[in-house]
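Below: one structure, written as structure tokens.
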Amino acid sequence: DGLMLCNKPDGVALRRDADGDTPLVKVEQGELRCRGDACLVAEPTGDGVAFSWVDARSGERRPAWTFPAPTRWASWDLHPDRRTLTLMVADRHVTVDLATGHVTERPAVFDVPMGLEWSPDGSVLFGTGMSHRQAYPYQVVAIQDGASRVLWHAMSRVFHDLRVSPDGAHLAVSSTAFDDDVWMLDGL
3 DGLMLCNKPD GVALRRDADG DTPLVKVEQG ELRCRGDACL VAEPTGDGVA FSWVDARSGE
63 RRPAWTFPAP TRWASWDLHP DRRTLTLMVA DRHVTVDLAT GHVTERPAVF DVPMGLEWSP
123 DGSVLFGTGM SHRQAYPYQV VAIQDGASRV LWHAMSRVFH DLRVSPDGAH LAVSSTAFDD
183 DVWMLDGL
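Position in the sequence shown (first residue = 1) + 2 = my numbering.
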């Protein structure tokens with residue numbers, strides 16, 4: 003339908019086409035995720051994070067759910083079923099049925115979650131983050147049927163955002179390496 007997500011320095015916008023001047027939705031502080039024509043926006047409030055459905059044709063919003071705790075370490079994704087919201091925060095893994103409002107909580111996978119994305123078929127949740135309790139604290143994990151499996155871990159590389167290919171066969175992960183080199187300058 004020609005919908006595009008555009009990331010710019012002044013925020014994220016949902017546009018109908020690349021040449022459009024007026025976005026359907028603009029999010030200055032927050033995130034926007036779409037699964038087909040189902041789009042969900044998350045924006046910070048004074049005491050939590052408000053999630054709203056966005057109509058991909060008109061840009062109109064309607065409230066979906068509010069996460070009632072302020073947190074700076076959170077990552078989220080909309081399940082391919084377009085009904086389930088998954089959040090990882092510093093102290094818990096939260097799943098919300100957006101149709102009924104039913105919330106399920108589990109222990110946190112990471113102390114500091116960074117990225118989160120469902121596989122296209124919704125069977126695996128991939129995440130990046132840091133766990134202070136591990137020898138190699140920076141990790142990429144796959145969570146399936148409630149069990150997490152470490153796919154990649156490092157001591158001096160932070161894993162950020164991740165994307166699953168449309169066929170589910172590949173996982174792209176952005177990362178930053180710490181520079182642990184020691185230099186000696188002569189002739190001062």
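All residues carry an ideal CB built from backbone N, CA and C; glycine is no exception.
Original post:
In three-state DSSP terms, what is residue 157?
Top reply: If DSSP states are grouped into helix, strand and coil, residue 157 belongs with coil.
Original post:
How many angstroms separate the CA atom of residue 68 from the CA atom of residue 43?
Top reply: Cα to Cα, the separation comes out at about 11 Å.
Subject >> Beta-carbon proximity check, residue 162 vs residue 124, cutoff 8 Å >> reply: No. Outside cutoff.
**OP:** Just tell me which of 59, 108, 41, 77 has its CA closest to the CA of residue 128.
**Re:** Checking every option, the nearest Cα to that of residue 128 belongs to 77.
Original post:
Helix, strand or coil: how does DSSP classify residue 176 here?
Top reply: Shown here, residue 176 sits in a strand according to DSSP, grouped into three states.
**OP:** Out of 99, 160, 166, state which residue places its alpha-carbon closest to the alpha-carbon of residue 180.
**Re:** Checking every option, the nearest Cα to that of residue 180 belongs to 160.
Original post:
To the nearest angstrom, how far is it from the Cα of residue 48 to the Cα of residue 54?
Top reply: Using only the alpha carbons, I get a separation of about 16 Å.
**OP:** May I ask you to report which of helix, strand or coil DSSP gives residue 33?
**Re:** Note: residue 33 maps to strand in three-state DSSP.
Subject >> Distance CB(residue 111)-CB(residue 145) smaller than 8 Å >> reply: Note that the C-beta distance between residue 111 and residue 145 is below 8 Å.
Original post:
When DSSP labels each residue in this structure, what does residue 62 get in the three-state scheme?
Top reply: Residue state, collapsed to three classes: coil.
Original post:
Which one of 149, 155, 94, 65 has the shortest CA to CA distance from residue 2?
Top reply: The structure shown does not extend to residue 2, since the chain is modelled only from 3 to 190, so the question has no answer here.
**OP:** Leaving out five residues on either side along the sequence, give the residues of the same chain with a beta carbon under 8 Å from the beta carbon of residue 38.
**Re:** Taken in chain order, the residues that qualify are 84.
Original post:
What three-state label does DSSP hand residue 163 in the structure shown?
Top reply: Looking at residue 163 - three-state DSSP - the assignment turns out to be strand.
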